[in-house]
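Everything below concerns the one structure shown next.
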Amino acid sequence: MRQQEFENLYQAKWLAFKEQCELLEKREPLSSEIDFSANYREVCHNLALAQQRGFSPGLVASLEKLAARGHQQLYKNRQSIFGRIIRFITQGFPRLIRQNASLFWLCTAICYLPAFIVFLIIWADPDMAYSFLGTDTASNLESMYNPSHERITENRDIDSDFQMFGFYLWNNISVDLRTFAGGMVAGIGSLFILLLNAVLLGAASGHMLNMGYEDTFFTFVIAHGAPELTGMVVSAMAGLKIGWGMIAPGNYSRKDALLIRSKEGVRLLFGAVFLTALAAPIEAFWSSIGTIEPNVKYTVGAICWVLVFAYLFLAGRKGVQDGSE
Amino acid sequence: MLDNTSKVETPEGIELPLEVAGVVPRSMAYFIDFLIFLTIAYILALVMGFLGSFGEGLFLILYFIIFWLYPVIFEVFRNGQTPGKKAMGLKVVHQDGTPISLNASFVRNILLVADFLPFFYTAGFISMLFNKDFKRLGDLAAGTVVVYTEKENKEDPIPQLKPKAPALPLSLDEQRSILSLAERHQQLSEARQQELSALLPEQLFPAKEENQSRLKQLHAFANWLRGH
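As you go down the protein sequences, you meet chains A and B in turn. Quick note, in my numbering, the first sequence goes up one by one and the last residue is 499. Quick note, in my numbering, the second sequence goes up one by one and the last residue is 269.
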């Protein structure tokens with residue numbers, strides 16, 4: 175068949191297909207009798223024929239464009255984003271943590287062991303606090319958690335609670351995202367940010383204990399610390415996932431390993447962001463209330479920790495485990 | 042051939058061309074997006090400034106959203122195009138040519154932080170220089186490429202002439218060259234067309250028809266090849 179004959183035969187179908195693409199691009203539905211994928215396959219077939227028979231480059235190019243438009247529409251993700259987020263939070267994320275349990279415990283250890291060691295050092299030698307924290311941070315902490323300070327025992331008004339909510343959300347999630355991005359430097363960036371925060375946590379706890387401010391400090395951090403610290407650990411997992419992909423790609427090329435690991439890494443990161451976002455309202459609206467009995471706050475804090483770990487290790491055990499998403 | 046087309050094979054067994062975009066148009070798109078981001082942030086700050094510390098909290102939340110998610114929202118819901126990319130005629134797709142997903146867009150935009158290292162996008166710039174698809178680090182991890190949006194190609198019909206069979210059999214490549222040259226007769230100067238036609242085998246143009254110009258003969262062949 176010559177090109178002219180070929181064009182005459184299929185021109186009408188190409189035009190119709192182009193109109194269908196235009197409709198879909200405007201997010202309008204096609205009428206039910208149109209079989210879009212069959213039409214698309216026919217265009218692909220026409221393109222292959224045109225290339226193989228050496229038809230003119232102009233025709234090949236216009237068929238390529240047509241096929242590319244169809245390709246974009248056919249392979250579009252049609253699931254609603256909202257439904258996917260709900261399913262990820264209720265099932266996908268806890269499952270992902272359990273699949274990567276050893277990495278989770280490794281990162282947990284990387285976070286809490288150094289924190290504990292620094293805590294012990296400062297407990298043994300109170301002056302070390304100033305070496306770890308620096309005098310500015312140390313005196314800031316001292317004034318923030320001084321029980322005689324009236325700000326602690328008085329309730330903040332709702333406006334400044336909300337202001338702090340915005341601040342925590344912005345600051346803590348940004349830390350998560352940077353921790354993940356730090357994975358691109360062979361994981362070193364993620365490790366560094368995690369360790370830095372762990373040391374700060376250990377040093378601040380030790381220092382507050384030495385100053386005798388432990389009640390004000392620990393009642394403040396214990397509740398929101400559960401999702402927040404876990405979120406930090408998970409974001410380090412996400413970063414290490416891609417970092418490790420570059421160091422030890424296994425049977426893949428480094429390029430492919432990076433690609434595969436970051437697919438999993440970003441899902442971990444979504445989970446970390448979810449946990450951290452959860453921590454922000456607790457931190458702003460519950461932890462900041464200074465008038466509640468310490469015992470109540472410790473109990474609620476302990477419940478928060480139990481809930482977070484129960485969520486990670488129990489949620490999503492039932493249901494279809496198709497590994498999609 | 043040295044060009045910026047990267048072919049992807051689809052499950053249907055055809056190859057689609059992706060025309061990947063380089064450093065300059067992408068930097069300009071980024072610059073436009075950055076200006077838009079600054080404008081939005083400025084307006085937000087101005088409005089929220091009236092609302093006291095509640096406004097400050099709201100501002101931080103909204104600023105957080107536009108700082109990290111501005112490109113993601115546009116790429117996912119606007120067909121792979123931020124306003125800057127749209128202005129430059131670019132869009133971002135998966136490296137297999139399919140529309141970008143939320144996860145991939147998130148990866149590539151969060152990793153802008155890594156591309157920024159050590160200062161002003163040096164890592165991203167170097168990565169783009171060494172990659173044949175101009176991928177920055179974020180693109181490498183997300184498996185995405187930034188491509189030119191398909192321009193509507195205007196097809197010039199080849200000049201209608203009495204079809205004439207060439208004197209010797211032509212290879213597919215030669216047939217394609219003749220058709221291509223005929224299709225571009227309005228875009229190229231007469232002299233350039235003459236020059237290009239000289240690349241075809243000389244025996245194609247018989248001496249006895251010297252009075253008919255080479256291009257006329259070439260267009261006649263093109264008509265014949267097309268099957269007019």
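Here a beta-carbon is modelled for each residue, glycine too, at the ideal position from N, C-alpha and C. Keep in mind it's a predicted model, so treat the numbers as computed, not measured.
Check your understanding: For Lys270 (chain B), which of B:Gly138, B:Tyr111, B:Arg67 has the nearest alpha-carbon?
Key -> The question about residue 270 (chain B) has no answer here: the residues shown for chain B are numbered 42 through 269.
Review point. What number of angstroms, rounded off, separates the C-alpha of Leu101 (chain B) from the C-alpha of Pro455 (chain A)?
Key: For Leu101 (chain B) and Pro455 (chain A), the distance between alpha carbons rounds to 14 Å.
Practice item. Could you have a look at Ser47 (chain B) and say whether DSSP puts it in helix, strand or coil? Key: Looking at Ser47 (chain B) - three-state DSSP - the assignment turns out to be strand.
Check your understanding: Quick one: does Trp344 (chain A) have its CB under 8 Å from some CB of chain B?
Key -> It does; some Cβ of chain B falls within 8 Å.
Review point. Tyr485 (chain A): buried (16+ other C-beta within 10 angstroms of its C-beta) or exposed?
Key: Classification for Tyr485 (chain A): buried.
Check your understanding: List, in order along the chain, the chain B residues whose C-beta lies closer than 9 Å to that of His398 (chain A)?
Key -> For His398 (chain A), no chain B residue has a Cβ inside 9 Å of its Cβ, as the nearest lies near 16 Å away.
Review point. Are Cys478 (chain A) and Ala400 (chain A) touching if we call contact CB-CB under 8 Å?
Key: Contact: yes.
Check your understanding: From the beta carbon of Arg267 (chain B), is the nearest beta carbon of chain D less than 8 Å away?
Key -> Although the question refers to chain D, the structure presented lacks it and instead comprises the protein chains A and B.
Exercise for review: Taking only beta-carbon positions, decide if Ser168 (chain B) is within less than 8 Å of chain A.
Suggested key: Chain A contact via Cβ: absent.
**Study point:** Gly96 (chain B) beta carbon near the ligand GDP (any heavy atom closer than 7 Å)
**Key:** With respect to the ligand GDP, the structure shown offers nothing to examine, as it has no ligands at all.
Review point. If we cut at 8 Å on Cβ distances, does Tyr104 (chain B) have a partner in chain A?
Key: Interface residue, yes.
Review point. Applying the criterion that 16 or more other CB atoms from any shown protein chain within 10 Å of the CB defines a buried residue, is Lys176 (chain B) buried or exposed?
Key: With 16 or more neighbouring CB atoms inside 10 Å of its own CB, Lys176 (chain B) falls in the buried class.
Check your understanding: What runs of the alpha helix (DSSP H), each 4 residues or longer, lie entirely inside the segment 353-436 of chain A?
Key -> 362-385, 388-421, all fully within the segment 353-436 of chain A.
Review point. Would Met358 (chain A) count as contacting chain B if we go by Cβ distances under 8 Å?
Key: With its beta carbon less than 8 Å from one in chain B, Met358 (chain A) belongs to the interface.
Check your understanding: Between which two residues does the beta strand (DSSP E) containing Glu56 (chain B) stretch?
Key -> For Glu56 (chain B), the enclosing beta strand (DSSP E) begins and ends at 56-60.
Review point. Apart from the five residues on each side of it in sequence, which residues of its chain come closer than 6 Å, Cβ to Cβ, to Thr282 (chain A)?
Key: Scanning its chain for C-beta atoms nearer than 6 Å, with the 5 sequence neighbours on each side dropped, one finds around Thr282 (chain A) the residues Val407, in chain order.
Practice item. Say whether chain B places a C-beta atom closer than 8 Å to the C-beta of Ser427 (chain A). Key: Taking 8 Å as the threshold, the shortest C-beta distance from Ser427 (chain A) to chain B does not fall below it.
Check your understanding: Counting only beta-carbon atoms, is Thr327 (chain A) nearer than 8 Å to chain B?
Key -> Bear in mind that the predicted position of Thr327 (chain A) carries a pLDDT of just 49, short of 50, making it unreliable; the figure below should be weighed with that in mind. Residue-level contact check: Thr327 (chain A) does not touch chain B, since none of the beta carbons of chain B fall below 8 Å from its beta carbon.
Exercise for review: Could you check if Tyr111 (chain B) is buried or exposed, using at least 16 other CB atoms within 10 Å of its CB as the buried criterion?
Suggested key: When all chains shown are included, Tyr111 (chain B) counts as buried.
Review point. What residue from A:Asn251, A:Leu307, A:Ser276 has the CA that sits closest to Val134 (chain B)'s CA?
Key: Nearest C-alpha to Val134 (chain B) among A:Asn251, A:Leu307, A:Ser276: A:Asn251.
**Study point:** Segment contact, 8 Å Cβ cut-off, at least three pairs: the segment 413-422 of chain A with the segment 439-449 of chain A
**Key:** Note that the segment 413-422 of chain A touches the segment 439-449 of chain A; at least 3 beta-carbon pairs, one per stretch, sit closer than 8 Å.
Review point. Do you know offhand how far Val395 (chain A)'s Cα is from Glu457 (chain A)'s?
Key: Near 8 Å, if we compare the C-alpha coordinates of Glu457 (chain A) and Val395 (chain A).
Check your understanding: Gly376 (chain A): which of A:Pro300, A:Leu351, A:Phe262 sits nearest, CA to CA?
Key -> Proximity to Gly376 (chain A) across A:Pro300, A:Leu351, A:Phe262 peaks at A:Pro300, based on C-alpha coordinates.
Review point. From this set, A:Met318, A:Ala241, A:Ala355, A:Lys192, which residue's C-alpha is nearest Ile55 (chain B)'s C-alpha?
Key: When A:Met318, A:Ala241, A:Ala355, A:Lys192 are compared, the shortest CA-CA separation from Ile55 (chain B) is found for A:Ala241.
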